[in-house]
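Visitor: Protein sequence lines, in the order shown, are assigned to chains E and Z. First residue of the first sequence: 70, per the numbering used here; consecutive thereafter. First residue of the second sequence: 61, per the numbering used here; consecutive thereafter. In this text, a Cβ means the ideal position worked out from N, Cα and C, and glycines have one as well. Predicted model, so just to flag it, every value in this text is computed and none were measured.
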Amino acid sequence: MSFSSELLIKVLVVLATAPVMALGLTLLEVKGSAWMQRRPGPLHVGLRGFIFPLATAAKYFQKETIIPKDVDEPVFKWAPAWVIAAVVGLFTIIPLSPTLIVRDLELGVFFLLAISSISTIGVLTAGWSSANKFSLMGGLRAAGQLIAYELPLILSVVGVVIQAETMSTVGIVEKQIEFGFPFVIAGQGIAFIIFMIAATAEMMRTPFDMPIGESELTMGFMTEYSGIRFLIFYISEYINLFVMCAIASTLFLGGYHIPLLPTEWVNFYGPLVLIGKTFTLAFLLIAIRWSFPRFREDQLQTLAWKVLIPLSLLNIMVTAIMKVVF
Amino acid sequence: MISYFQDYVTVGAMIGLGLLLFLVFISLSALLSPKKPTPEKIKTYECGVDPVGGGWSQTYVRYYIFGLLFVIFDVEAVFIFPWALNLENLGYFGLIEMFIFIFILLLGLIYAIRKDVLKWE
Numbered sequence: 070m071s072f073s074s075e076l077l078i079k080v081l082v083v084l085a086t087a088p089v090m091a092l093g094l095t096l097l098e099v100k101g102s103a104w105m106q107r108r109p110g111p112l113h114v115g116l117r118g119f120i121f122p123l124a125t126a127a128k129y130f131q132k133e134t135i136i137p138k139d140v141d142e143p144v145f146k147w148a149p150a151w152v153i154a155a156v157v158g159l160f161t162i163i164p165l166s167p168t169l170i171v172r173d174l175e176l177g178v179f180f181l182l183a184i185s186s187i188s189t190i191g192v193l194t195a196g197w198s199s200a201n202k203f204s205l206m207g208g209l210r211a212a213g214q215l216i217a218y219e220l221p222l223i224l225s226v227v228g229v230v231i232q233a234e235t236m237s238t239v240g241i242v243e244k245q246i247e248f249g250f251p252f253v254i255a256g257q258g259i260a261f262i263i264f265m266i267a268a269t270a271e272m273m274r275t276p277f278d279m280p281i282g283e284s285e286l287t288m289g290f291m292t293e294y295s296g297i298r299f300l301i302f303y304i305s306e307y308i309n310l311f312v313m314c315a316i317a318s319t320l321f322l323g324g325y326h327i328p329l330l331p332t333e334w335v336n337f338y339g340p341l342v343l344i345g346k347t348f349t350l351a352f353l354l355i356a357i358r359w360s361f362p363r364f365r366e367d368q369l370q371t372l373a374w375k376v377l378i379p380l381s382l383l384n385i386m387v388t389a390i391m392k393v394v395f
Numbered sequence: 061m062i063s064y065f066q067d068y069v070t071v072g073a074m075i076g077l078g079l080l081l082f083l084v085f086i087s088l089s090a091l092l093s094p095k096k097p098t099p100e101k102i103k104t105y106e107c108g109v110d111p112v113g114g115g116w117s118q119t120y121v122r123y124y125i126f127g128l129l130f131v132i133f134d135v136e137a138v139f140i141f142p143w144a145l146n147l148e149n150l151g152y153f154g155l156i157e158m159f160i161f162i163f164i165l166l167l168g169l170i171y172a173i174r175k176d177v178l179k180w181e
């Protein structure tokens, strides 16, 4: 198949997958939260409430999009585009099997870290252009948090790169298969924990939801957004959740591989295995959301700068020593 | 070389897909949703009460110093990745060199902490 038609098919598959995954995770979030609080959750919208996310999305399409008169219009209108472009771009490097990947970039992990910081621009411009004090504060907090937690995110991945000697995501999974153990067991346990904490903060999920803390900032940088643009922020949040958990399972949990299954059938079970691992991790994050109170802004920054960054540098040093000496 | 350009085309196509999703969403909503702005509706929402003063208020931006620190460590990450890939070939020489590099950066972080710039009072 020629490159262009293959690319077209892959893009169409991602186009179909990304919103479905977001809806699936929204469902997991509302139902999971409900189960954790011993309530039934959404119940009346078709199929015992299981098409609720779809109905919500459809509702947002019909709502009026209010653009407040004081906002900086072009910036305000385009802020959600930055966020959704960044998270959809990340699908490029998620491997569902050695061949089922949009593009196995040689700089895979590096691409992830570079692209994921683009959404910071969207968040910051959203807060800045809203002509609203709380939005501005929320946007600044969000930017401060995103850059602070980006560093542990990057640095925790370096350990994996040292062990795998490659930055391509397929290469990293293949290395884990060769090892016989996923990296979370084979030496990168601390890195995995750091990565998950930093990823939670990058997604601005509770307990790291200071930027949109509703009791003090209404909805943070999203306050002035309504209708479809709010939906875009919302849906990118869940696409981002999927992408981050998928990347975490690829880098640390063996990705599409599962022991004992024949590797020549990986094209069939690979996608299911990866999505299963991803949803398990996402469920873990939802459980964390209902178990921990919100961090205060200063605690947030202290955790990033005084604990996670030194710890991840230490992790790099230990991994490097192990690699060179043994 | 062709594969090199194909990488870029793919990445461009995927980011383009994100933008396309944005445009499709916006235009679908424009078709389906009503548009009847009234003076009350298009007032800044803020927290539900009529806003007091403009949207621009002066606050103490301590994020500046965090921004500076971020740039330093981000550039460090750019240097660390190639080293991490080639560690096996570089051996002890690379190991010690990078430890000196990381140590100097850590000194910077410790200096910042001791100077209380990371404090949030």
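What does the alpha-carbon distance come out to for the pair L470 (chain E) and I223 (chain E)?
Guide: Because chain E is modelled from 70 through 395, residue 470 (chain E) falls outside the range shown and cannot be assessed.
Visitor: One question on the structure: do F361 (chain E) and P276 (chain E) come within less than 9 Å of each other, judged by their Cβ atoms?
Guide: Cβ atoms of F361 (chain E) and P276 (chain E): closer than 9 Å.
Visitor: Strictly under 9 Å for the Cβ-Cβ distance: is D367 (chain E) near chain Z by that measure?
Guide: D367 (chain E) counts as touching chain Z.
Visitor: Considering only residues of the stretch 147-198 of chain E, which uninterrupted alpha helix (DSSP H) runs meet the minimum length of 4 residues and lie entirely inside it, listed in chain order?
Guide: List check, alpha helix (DSSP H) in window: 177-185 and 187-198.
Visitor: Put I241 (chain E) into one of helix, strand or coil per three-state DSSP.
Guide: Correct three-state label for I241 (chain E): helix.
Visitor: Once the 5 residues before and after W374 (chain E) are set aside, which same chain residues still bring their CB inside 7 Å of it?
Guide: Once the five neighbours on either side are set aside, the close Cβ partners of W374 (chain E) are A217.
Visitor: Does any residue of chain Z bring its CB to less than 9 Å from the CB of R363 (chain E)?
Guide: So, not an interface residue.
Visitor: Would DSSP call G384 (chain E) helix, strand or coil?
Guide: According to the sequence provided, residue 384 (chain E) is Asn. The question's Gly does not apply to it. Note: N384 (chain E) maps to helix in three-state DSSP.
Visitor: How would you label T349 (chain E), buried or exposed, when you count the other beta carbons within 10 angstroms and need 16 or more for buried?
Guide: So T349 (chain E) counts as exposed.
Visitor: Comparing alpha-carbon positions, which option in E:I355, E:V342 and E:M391 lies nearest P164 (chain E)?
Guide: Taking only the C-alpha atoms, the option nearest P164 (chain E) is E:V342.
Visitor: Using CA atoms only, rank isn't needed, just tell me which of Z:I132, Z:Y124, Z:Y123 and Z:E136 is closest to F159 (chain Z).
Guide: Checked all of Z:I132, Z:Y124, Z:Y123 and Z:E136; the closest Cα to F159 (chain Z) is Z:E136.
Visitor: For G78 (chain Z), return the contacting residues in chain E, with the cut-off set at a CB-CB distance below 8 Å.
Guide: In chain order: A150, I153, A154, A155, V156, V157 and G158.
Visitor: Given a cut-off of 9 Å, decide if L96 (chain E) and F119 (chain E) are closer than it, judged by their beta-carbon atoms.
Guide: For F119 (chain E) and L96 (chain E), yes; Cβs fall inside 9 Å.
Visitor: Name the chain Z residues that come within less than 7 Å of M386 (chain E), Cβ to Cβ?
Guide: Result: F159 and I162.
Visitor: Taking only beta carbons into account, state which residues of the stretch 207-234 of chain E come closer than 7 Å to chain Z, listed in chain order.
Guide: Listed by position, the residues of the stretch 207-234 of chain E near chain Z (Cβ gap below 7 Å) are L209, A212, G213, I216, A217, L220, I223, L224, V227, V230, I231 and E234.
Visitor: What are the boundary residues of the alpha helix (DSSP H) that includes A233 (chain E)?
Guide: K202 to A233 is the extent of the alpha helix (DSSP H) around A233 (chain E).
Visitor: Can you confirm whether E133 (chain E), when its beta carbon is compared against all beta carbons of chain Z, has any partner nearer than 9 Å?
Guide: For E133 (chain E), the answer is yes, since a Cβ of chain Z falls inside 9 Å of its Cβ.
Visitor: If you drop the 5 nearest sequence neighbours on each side, which residues of the same chain put their C-beta closer than 7 Å to that of A148 (chain E)?
Guide: Hits under 7 Å: G191, T194, A195 and S198.
Visitor: For V171 (chain E), collect the residues of the same chain with a Cβ closer than 7 Å to its Cβ; drop the 5 residues on either side in sequence, then sort them by chain order.
Guide: So the qualifying residues of the chain are K79, V83, F160 and T161.
Visitor: How is R363 (chain E) classed by DSSP in three states: helix, strand or coil?
Guide: In this structure, R363 (chain E) counts as coil in the three-state DSSP scheme.
Visitor: Residues of the stretch 101-113 of chain Z with a CB closer than 7 Å to any CB of chain E: list them in chain order, please.
Guide: Correct list: K101, I102, K103, T104, Y105, E106 and C107.
Visitor: Look at the alpha carbon of L354 (chain E) and the alpha carbon of T269 (chain E), and state the distance between them as a whole number of angstroms.
Guide: Between L354 (chain E) and T269 (chain E), the C-alpha separation is close to 8 Å.
Visitor: Would you please verify whether the beta carbon of D67 (chain Z) is less than 9 Å from any beta carbon of chain E?
Guide: Yes, because at least one Cβ of chain E sits closer than 9 Å to the Cβ of D67 (chain Z).
Visitor: Under 9 Å between beta-carbons, which chain Z residues line up against I301 (chain E)? List them in chain order, please.
Guide: Ordered by position in chain Z, the residues that pass the 9 Å Cβ test against I301 (chain E) are L81, F82, F85 and I86.
Visitor: Only counting the same chain, and skipping five residues up and downstream in sequence, which positions put a Cβ closer than 8 Å to that of A356 (chain E)?
Guide: Correct list, in chain order: G101 and M105.
Visitor: Apart from the five residues on each side of it in sequence, which residues of its chain come closer than 7 Å, Cβ to Cβ, to I182 (chain Z)?
Guide: Residue 182 (chain Z) is absent from the model: chain Z starts at 61 and stops at 181.
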